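Enquirer:
Chains as they are written, first to last, in my numbering: chain X, 1 to 327; chain V, 328 to 654.
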C-alpha cells in the first residue's frame, strides 16, 4: 500500500504544484514523496511512491488521472484486436525514471530502512486497461476473459512478462523487496482465478525468484489483493513469500488459508483509523492477538490509507505496534 | 435481485419515456416492469420492481438518480446532528404507491407465481444516506459509526423500525416473501457487524416473523449481501429463512457457514452470462452440484444482472436450471 498520500500535509502541498503522474515521472519528486512518511511515521520500510498504471503507457495504452474520479484510459481495450495491438517494451528504457527514483531513494535512506518496490498484477492491470477506470462489476473485463480466452491469455502472458521484467529492473536498481498488487482480483471465484490468472501471476513470482539484491540476497515478494478471502489458497499457490489479506477475514483464519510456511501481511481495516484512538488500539490488539506473536506477521493496514485519515492516528498506530511487538 | 433491467428491450423502451423514480412511484408502471421478466423468462417468482432508496425521501433525505452515476443524495448526512434530524414516517401513507403496485401485480399474476417484496437493510441504507451515493471505502459511514456510536445506533434503530414496518405493509398488501438487501455490508468484518449492525437487522426479521400472508402463512425472508463470505454466520444469526451468497464463496462452503437448517440463495457470477452459453451451463452445473439437489437451494445469480447481458442467455439459463432440477 502507498504510505504517502493526501492525509499528509506535505504531500498535499506538493500536489498543489504537481499532478500525480508528474510526481511518479520525476525522480526528485518521487524520491521526496517516498521519504515523507519515513520521516514522519515509525515505519519499518519505505515504499516506492509510484502508480501501478505506469507500465500501460509504454504498452500504447494512454491514460490520465481525472480529479475526483481516478484513472481514465483514453481508449479502453474492448476487443480481441485491441488486446493484440498492445506493445512490448523494455522497462529499463521506458520506465527509467522509476529506476532513477529508486537509486535516489536508496542513497537518501542510507540503509536506515529497506525499500519496497511494486507493480500491478495481470488481472488488475488488465481490468484498468479494459474497463477504462474503476469498476464494480468488471463486466467488460470478464466478458473478454470468458468470450475470448485465447486473446485473454496472450494479453496476460505479455503483462506477466513485462511486470516480471519491470520488477527485475527495480531490484537491479536497488529495492530490497517487491509487492505485487492484484488489488481487484477478489472479483474472481477460485475456479476463474485458477483458469485465467494463476499461471500468469506465477510467472511474475518465478521471475522475481531468479533475482538477487545488490547484496546477493533473495528478494521477498508480497502478493496482495482486496476481498480475496475465498482465494487466499490460490494466491499462495501463484506465489509470494508473503500474502496480504484485507480485514474481512480474521488474521488467524486468513493465515490458516495462506499456510504457516508463508508470511502474512495485514490486516487492520483502514477506516478504523477514522475513529477514536481507543478503537484503533483495540482493533490492533485483535490483529496482533490473532497473529499470536509468530514470526512472519507483517503488521499493516488491510488496504490503502484514506485521505481523511489523521496523521496523528497513523503515527500513534505505528508507535503502538512497535511498543506491543518489541516487548 | 431485480429481474427487470436494461438488458430487456421492453424495459429500455419504457426508460426512454420515464425515469427510474417515475417507474417506482407510478403503480401502473411499476406493475408493468415487474411483469416484464415474468413474461419473458421462466422465473419461479416475480420480484417487485422498486428501489431500496425509496424510504429515504419520507425520512427527509432527498435524492435523485444521475445518469451513468447512480443515486445521489442532495445533502448527505455527515454529523450526529444530521442523523438526529431524520424523520419517522408511516409507510402505508408515504409509500402507498408501492403498496398499490403490489396489489396490481398480485391481481395480474393471478397466482401464477408468488411475488417477492423487498427493502434495504440498515448498513446499506445508512451508507447511501451518509456517503451520498456509491462508495468503495465507506469512509464517511464508518467514521460516523466508530466516532459516534450512540448516534449511529439510534439512526440504525430508526431505520430498522421503518424497514420492518415497510415490509409488514408490503406483506399486508400481498407479497408472499420478502428480501432484505444489505448489499454493502460485506465491507464490515465480523466484529463490526456484530457490534453495529446485527441487533438492528435482527429487529427487521423479528418484525417480519410476526406477519402472515393473506392466506395465513408465515412469510419467508431472504437476507442478502455481496462479499459477505466472512460474515455469513453473522448474517444467519441476524435472521432470514434464506441467506443469499455471492459467487466468491463456493456454494457448498457458503451453505456450511449458513447452516443446513437454513435455505441458501445463489450463487452464479452474473458476469458469466456475458460469456458463451457453454460456460454459463458449466458454471451452473458447478453451482447445482455443490447444492447437491438438497431442498432449500434457491438458484439465483450472486448479484444483480448487468445491463450488457443478453436476454437470450438469461432465458436459456432459466430453462437449463429447470431441466436439470425438475428431472
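Cβ atoms here follow ideal geometry from the backbone N, Cα and C, with glycine treated the same way.
Treat the numbers as computed from the prediction; the structure is a model and nothing was measured.
Please name the residue or residues paired with residue 666/V in a DSSP beta bridge.
Expert: Residue 666/V lies beyond the stretch modelled for chain V, which goes from 328 to 654, so this question has no answer here.
Enquirer: Could you name the residues of the same chain whose beta carbon sits closer than 7 Å to that of residue 259/X, not counting the 5 residues immediately before and after it, in chain order?
Expert: Counting only Cβ-Cβ distances below 7 Å, and skipping sequence neighbours, we find 236.
Enquirer: List, in order along the chain, the chain X residues whose C-beta lies closer than 9 Å to that of residue 465/V?
Expert: Near residue 465/V (Cβ distances below 9 Å), the residues of chain X are 271.
Enquirer: Would you list, in sequence order, the uninterrupted beta strand (DSSP E) runs of no fewer than 3 residues that lie entirely inside the stretch 499-571 of chain V?
Expert: You should have 504-508, 548-551 and 569-571.
Enquirer: Please decide whether residue 576/V counts as near chain X, where near means a Cβ-Cβ distance under 7 Å.
Expert: Chain X, which has a Cβ nearer than 7 Å to the Cβ of residue 576/V, makes this yes.
Enquirer: If we ignore side chains and look at the alpha-carbon of each, how far apart do residue 636/V and residue 87/X end up?
Expert: Whole-angstrom Cα-Cα distance: 31 Å.
Enquirer: Within the same chain, show all residues whose beta-carbon is closer than 7 Å to that of residue 540/V, passing over the 5 residues directly before and after it, in chain order.
Expert: 498, 503 and 546, listed in sequence order.
Enquirer: Mind checking residue 28/X: buried by the 16 CB within 10 Å criterion, or exposed?
Expert: Burial call: exposed.
Enquirer: Are the beta-carbon atoms belonging to residue 250/X and residue 294/X less than 7 Å from one another?
Expert: It is not a contact, given that the beta carbons lie outside the stated cut-off.
Enquirer: Taking three-plus beta-carbon pairs below 8 Å as touching, is the stretch 579-596 of chain V in contact with the stretch 528-544 of chain V?
Expert: No: fewer than three Cβ pairs fall under 8 Å.
Enquirer: In chain order, what residues of the same chain lie with their CB nearer than 6 Å to the CB of residue 597/V, ignoring the 5 residues before and after it?
Expert: 628, 630, 632 and 633, listed in sequence order.
Enquirer: Taking all protein chains shown into account, do 16 or more other C-beta atoms lie within 10 angstroms of the C-beta of residue 477/V, making it buried, or fewer, making it exposed?
Expert: Exposed, since its Cβ has fewer than 16 Cβ neighbours within 10 Å.
Enquirer: Residue ranges of each beta strand (DSSP E) run of no fewer than 3 residues wholly in the stretch 7-85 of chain X, ordered along the chain?
Expert: The stretch 7-85 of chain X contains these whole beta strand (DSSP E) runs: 63-66 and 70-73.
Enquirer: Excluding five sequence neighbours on each side, which residues of the same chain lie with their C-beta closer than 6 Å to the C-beta of residue 424/V?
Expert: Same-chain partners within the cutoff: 352 and 354.
Enquirer: Over what stretch of residues does the beta strand (DSSP E) that includes residue 615/V continue unbroken?
Expert: No beta strand (DSSP E) holds residue 615/V; the alpha helix (DSSP H) holding it covers 604-618.
Enquirer: Mapping DSSP to helix, strand and coil, what is residue 254/X?
Expert: Helix at residue 254/X.
Enquirer: Candidates 246/X, 163/X, 229/X and 139/X: which alpha carbon is nearest residue 78/X's?
Expert: Comparing Cα positions, the closest option is 139/X.
Enquirer: Closest Cβ-Cβ distance between residue 394/V and chain X: below 7 Å?
Expert: Taking Cβ atoms only, chain X never reaches closer than 7 Å to residue 394/V, which makes this a no.
Enquirer: Would you say residue 127/X lies against chain V (beta-carbon separation less than 7 Å)?
Expert: It does not; no Cβ of chain V falls within 7 Å.
Enquirer: DSSP three-state label for residue 116/X, please.
Expert: If DSSP states are grouped into helix, strand and coil, residue 116/X belongs with the strands.
Enquirer: Within 10 angstroms of its Cβ, does residue 554/V collect 16 or more other Cβ (buried), or is it exposed?
Expert: Buried: at least 16 other Cβ atoms inside 10 Å.
Enquirer: Going by alpha carbons, who is nearest to residue 221/X out of 278/X, 102/X, 115/X and 318/X?
Expert: Residue 221/X has its Cα closest to that of 115/X, out of 278/X, 102/X, 115/X and 318/X.
Enquirer: Could you tell me the alpha carbon to alpha carbon distance between residue 456/V and residue 407/V, rounded to whole angstroms?
Expert: Cα to Cα, the separation comes out at about 13 Å.
Enquirer: Among the candidates 288/X, 233/X and 4/X, whose CA atom is the shortest distance from the CA of residue 326/X?
Expert: Nearest option by C-alpha distance: 288/X.
Enquirer: What does residue 603/V reach in chain X if we use C-beta pairs closer than 9 Å?
Expert: The answer, in chain order, is 146 and 147.
Enquirer: For the pair the stretch 103-123 of chain X and the stretch 41-55 of chain X, tell me if three or more CB-CB distances fall below 8 Å.
Expert: The stretch 103-123 of chain X is in contact with the stretch 41-55 of chain X.
Enquirer: Against chain X, with Cβ distances strictly below 7 Å, would residue 470/V count as a contact?
Expert: At least one chain X Cβ lies under 7 Å of residue 470/V.
Enquirer: For residue 347/X, count neighbouring C-beta atoms within 10 Å of its own C-beta (all shown protein chains included) and say buried if the count is 16 or more, exposed if not.
Expert: Because chain X is modelled from 1 through 327, residue 347/X falls outside the range shown and cannot be assessed.
Enquirer: Over what stretch of residues does the alpha helix (DSSP H) that includes residue 109/X continue unbroken?
Expert: From DSSP, the alpha helix (DSSP H) with residue 109/X extends over 96-109.
Enquirer: Given that a residue counts as buried once 16 or more other Cβ atoms are within 10 Å of its Cβ, and exposed if not, what is residue 136/X?
Expert: The residue is exposed, with fewer than 16 neighbouring Cβ atoms inside 10 Å.
Enquirer: Under 9 Å Cβ-Cβ, which residues of chain X neighbour residue 554/V?
Expert: Result: 186, 227, 229 and 248.
Enquirer: Could one say the Cβ of residue 516/V lies closer than 7 Å to chain X's Cβ atoms, at least one of them?
Expert: Output row for residue 516/V: interface = yes.
Enquirer: Is the beta carbon of residue 124/X sitting closer than 7 Å to the one on residue 50/X?
Expert: For residue 124/X and residue 50/X, no; Cβs fall outside 7 Å.
Enquirer: What is the DSSP secondary structure of residue 646/V, reduced to helix, strand or coil?
Expert: It is helical.
Enquirer: With burial defined as no fewer than 16 other Cβ atoms inside 10 Å of the residue's Cβ, what is the status of residue 69/X: buried or exposed?
Expert: Exposed, since its Cβ has fewer than 16 Cβ neighbours within 10 Å.
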